[in-house]
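J.: Here's a structure for you.
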Amino acid sequence: MNRTALAATFATAFGLAFAGAAAFAEDEAEMEMPSFEEADTNKNGVVSRAEAATEAPDLDFAAADENQDGVLTRDEYDAATS
Ligand SMILES: [Ca+2]
Ligand SMILES: [Ca+2]
Numbered sequence: 028m029n030r031t032a033l034a035a036t037f038a039t040a041f042g043l044a045f046a047g048a049a050a051f052a053e054d055e056a057e058m059e060m061p062s063f064e065e066a067d068t069n070k071n072g073v074v075s076r077a078e079a080a081t082e083a084p085d086l087d088f089a090a091a092d093e094n095q096d097g098v099l100t101r102d103e104y105d106a107a108t109s
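In terms of the numbering used here, the sequence shown is residues 28 to 109.
In structure tokens:
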């Protein structure tokens with residue numbers, strides 16, 4: 028194998044690895060922040076602290092709950108996750 032072919036092989040390998048890592052990161056981001064419908068598992072129109080802890084564990088619930096009433100409305104949830 029000459030030097031040029033070797034370089035091309037490495038470039039291809041690194042390119043694939045990078046593309047794979049980027050795709051994985053994108054999947055992770057989607058996993059971390061489900062839609063309001065997905066987070067509101069009991070479908071009562073708000074996301075409780077327990078629902079958020081289960082469905083969106085990376086969400087800062089206290090920061091997202093702007094009016095501090097202990098639940099997240101759709102507006103609060105969307106503002107915190109978008
Ligand atoms: Ca709920
Ligand atoms: Ca609230």
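Glycine included, C-beta positions come from ideal geometry on N, C-alpha and C. Being a predicted model, the structure only gives us computed values, none of them experimental.
Mind listing which residues have their beta carbon within less than 6 Å of any non-hydrogen atom of ligand 1? Chain order is fine.
T.: The filter returns D67, N69, N71, V73, V74, S75 and E78, in chain order.
J.: Compute the minimum distance between the beta carbon of D85 and the heavy atoms of ligand 2, and state whether it is under 6 Å.
T.: By one-based count along the sequence shown, residue 85 stands at place 58. Flag unset: Cβ of D85 not near ligand 2.
J.: E64: buried (16+ other C-beta within 10 angstroms of its C-beta) or exposed?
T.: For this step, residue 64 is matched to residue 37 along the sequence shown. Label assigned to E64: exposed.
J.: Tell me, which residues are paired with V74 by DSSP?
T.: Along the sequence shown, one-based indexing puts residue 74 at 47. For V74, which the question treats as bridged, DSSP gives the partners L99.
J.: Classify D87: buried if its beta carbon has 16 or more other beta carbons within 10 angstroms, exposed otherwise.
T.: Locating residue 87 in the sequence shown gives position 60, counting from the first residue. Looking at its Cβ environment, which holds fewer than 16 other Cβ atoms inside 10 Å, D87 is exposed.
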